[in-house]
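Since the structure comes first, as structure tokens, the remarks are kept for the end.
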Amino acid sequence: MRTPRWMIAAGALIVFLLVGWLIIQQTVRVEEVQGTVTAGGKPIRGAVIRVKATEFQTRTDEAGRFVLSGFPPRFSVPVTAWLNGHYISGATAYPWKRTVEIPLQTYRTTDNADYAWIAPQVEGRSGVEEFLVQAGLSVAAKLSFNRVFLPLSARLQLGCRDCHGRTIFDQWAPGAHAQGNNNLRFMTMYNGTDVQGNKSPPTQYGFHQDYGRFPIRPDRDRPYHGPGFKLDFPDQAGNCATCHTPGAALRNPYGTDPNLVSGIDATGSHCDFCHKVADVAIDPVSQLPYENMPGVLSMELRRPAGDPQIFFGPFDDVAVGPDTFSSLQDESRFCAPCHNASFWGTPVYQSYSEWLASSYPKEGKTCQSCHMKPDGITTNFAPGRGGLERDPQKIFMHDFPGAADIALLRDTANLELRASREGNIVSVEVAITNENAGHHIPTDHPMRNIILVVSPTDAQGKALGLLDGPRVPEWGGVGDASNDYAGQAGKGFAKILEELWTEIAPSAAYWRQSRIIADTRIPAKETDVTRYKFRTDQPGMIIVDARLIFRRAFKDLAEAKKWEIPDVEMEHETLILP
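Shown next as structure tokens:
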């Protein structure tokens, strides 16, 4: 059977048109885009114009006009516009449409206290439902992001994971910022229990005619499982929730008990919360958060009342609807409310002020530079969901490595060990430099500590006696266990709080009136040097061993709470003297 001529002709025409279209796309290119940016029908000055996902940008002039060139010529050029106080918007230039008009829309500058958070992930989907949702979103994004994907996503109940699951969500979910009231160390300190739920006795009080009621030391003849805020203040909630469960604390900063928080609010600093933060209040004189304003008390949010939504992000070219750019997302100031606080006038959490006093601000290194450092691999933070391919050095990671990250801890300090021998005297010098932390080490919670242990032995493995030099303090661990270091040659690095009334030190109960009796931590870029003299009675080889050990909590406290947090060896050096 012969094929009809009209079908052959139609097929040839289709092939001709397709080839022609491909040739046009490859040969006809846009080298320059012109246009106007308006808001409310009026041209606006100073809007940032960018070729999407590139560094090619310009700004509009007084008449709202712009000319953008210098980018690699292409058939279609997507450009975006952004101005502070407005959503990001965009348009696409083609060879037949090199002049575009981009209208911007202002966003509301009020905050809706009744707003319902978007869930990090939607719970309760069946396997079939999950498959259909993900498959539908994938197909829709490939067909048309604006015409198919966005209308479909608006009809579905979606969580952040549905678009950012393989990147941002999977990094954030196992981290400390996602734990909220599931953080065992936080909750056992808050409630005065160990991890098994055993509770210490309520705090007992004495009375002074001049000062009134004051706490007294716990009775160690009774079972004791460490301190707890609720042991001291059983009828108060405190302000812990302003950082640990901030979404809930917005409603009642001083009356939110983390034990009673559930749902999305229990997931700590979740996606929708952080991307609703519009500003952070900083004292213009000290450049620090105001006193007694931790967490959400220093944050200004923009939660919408109905549509349109709003998300603050670090890119000014995400023109998918309810997004806007915020430079705050790249600034250390964003972190300040929860990482810089004083209690009873005593500076406790001071990571931000330590950073501010270092050389890092002048070098342009922020908290995000280390704790959201791009991995150099990820090129798309919403793959398969309309996300753009970007420079992998521009995409922040969301795993927030910190005190639990062994790789980060081992890339923080440098230990230099020197030793010499004169007769039966061995001299040792240890220099520890805080090379890569933009704050003191250790930092944040005052229960964190670092221990330097210097251990010289002779050829028979016998420990040398210390003649001169510092020793590890008592909080390094008293006893015969292999990780009890108190009294050994070395040094402890920590901020030591002493409770004003009980004189307990070191104390991690910073909600009590306390004073700093010692601060041996190492500031950014600074070096701590200790020197030791040991005596040996044996000839022959001497092995000098020096280890730098990080602990997330003082040993006695960790044992009382039954926290299983192994020591982390940050540095280890060995020298052999013949």
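Okay, so the sequence shown: first residue is 1410 according to our numbering, each after it adds one. We put the beta carbon where it would ideally sit given N, CA and C, even for glycine.
Where residue i falls, given that 16 or more other Cβ within 10 Å makes a residue buried
i	result
Ser-1609	buried
His-1849	buried
Phe-1642	exposed
Ile-1511	buried
Arg-1594	buried
Ser-1562	buried
Phe-1613	With the sequence shown as reference, residue 1613 is identified as Gln, and Phe is not the correct amino acid for it. Exposed.
Glu-1968	exposed
Lys-1871	exposed
Leu-1906	buried
Glu-1908	buried
Trp-1430	Its pLDDT being 49, under 50, Trp-1430 is placed unreliably by the model, and nothing is read from it.
Gln-1580	buried
Ala-1816	exposed
Ile-1786	exposed
Glu-1763	buried
Thr-1508	exposed
Thr-1733	buried
Ser-1767	buried
Gln-1566	exposed
Asp-1571	buried
Ser-1485	exposed
Cβ shell of residue i (< 7 Å), same chain only, five flanking positions each side left out
i	result
Arg-1830	Ile-1951 and Leu-1986
Glu-1982	Leu-1824, Leu-1826 and Ala-1955
Arg-1631	Pro-1610
Pro-1713	Arg-1517, Asn-1521, Tyr-1524 and Ile-1719
Val-1604	Leu-1593, Thr-1597, Lys-1970, Lys-1971 and Trp-1972
Leu-1966	Gly-1635, Met-1856 and Ala-1917
Lys-1506	none
Glu-1700	Ser-1751
Leu-1640	Gly-1601, Ser-1609, Pro-1611 and Thr-1612
Val-1887	Asp-1893 and Ala-1895
Contact test: residue i Cβ vs the ligand GTP heavy atom, cutoff 6 Å
i	result
Thr-1463	With respect to the ligand GTP, the structure shown offers nothing to examine, as it has no ligands at all.
Where the beta strand (DSSP E) containing residue i begins and where it ends
i	result
Ala-1927	1923-1928
Ile-1860	1858-1867
Asp-1954	1951-1960
Leu-1909	Premise fails: Leu-1909 is in no beta strand (DSSP E) and is neither H nor E.
Gln-1718	Unbroken run through Gln-1718: none, as it is neither H nor E.
Trp-1491	1486-1491
Val-1476	1474-1483
Thr-1597	Premise fails: Thr-1597 lies in the alpha helix (DSSP H), 1593-1600, not in any beta strand (DSSP E).
Val-1757	1755-1758
Tyr-1614	1614-1617
Ala-1750	1750-1752
Thr-1733	1732-1734
Thr-1651	Thr-1651 -> not in any beta strand (DSSP E); alpha helix (DSSP H) instead, spanning 1650-1653.
Other residues of its chain near residue i: CB distance less than 6 Å, five sequence neighbours each side excluded
i	result
Arg-1459	Gln-1466, Thr-1489 and Asp-1726
Phe-1959	Leu-1818, Ile-1859, Val-1977 and Met-1979
Ile-1625	Gln-1613 and Gly-1615
Asp-1877	Lys-1942
Ala-1728	Thr-1489, Ile-1497, Ser-1498 and Gly-1499
Ile-1527	Asp-1681
Pro-1884	Residue 1884 is actually Trp in this sequence, not Pro. So the qualifying residues of the chain are Pro-1915 and Phe-1963.
Ser-1864	Asp-1954
Glu-1471	Arg-1454
Asp-1808	Gln-1580 and Gly-1584
Asp-1688	Glu-1709
Identified DSSP bridge partners for residue i
i	result
Leu-1513	Ala-1448
Leu-1710	Val-1686
Gln-1443	Val-1476 and Thr-1508
Val-2039	This structure leaves residue 2039 out entirely; the chain is present only between 1410 and 1987.
Ile-1577	Looking at the DSSP assignment, Ile-1577 forms no beta bridge with any residue, so it has no partner.
His-1981	Arg-1956
Ala-1898	Arg-1880
Arg-1622	Phe-1616
His-1495	Thr-1515
Ala-1872	Thr-1866
Beta-carbon contacts of residue i that lie in its chain and below 8 Å, excluding the five residues immediately before and after
i	result
Leu-1492	Val-1446, Ala-1448, Ile-1453, Gly-1455, Ala-1456, Val-1457 and Leu-1513
Phe-1558	Leu-1546, Ala-1549, Ala-1550, Leu-1552, Arg-1794 and Gly-1795
Gly-1479	Phe-1465
Closer than 7 Å to chain C by CB, residue i
i	result
Thr-1447	Among the chains of the structure shown, chain C does not appear; only one protein chain is present.
Limits of the unbroken alpha helix (DSSP H) element including residue i
i	result
Ala-1549	1536-1552
Ala-1502	That residue, Ala-1502, is in no alpha helix (DSSP H); its beta strand (DSSP E) goes 1498-1502.
Phe-1638	1638-1641
Tyr-1941	Unbroken run through Tyr-1941 is the beta strand (DSSP E), 1936-1944; no alpha helix (DSSP H).
So within the segment 1780-1858, which uninterrupted beta strand (DSSP E) runs reach at least 3 residues, ignoring any that extend past its ends?
1822-1831 and 1834-1843
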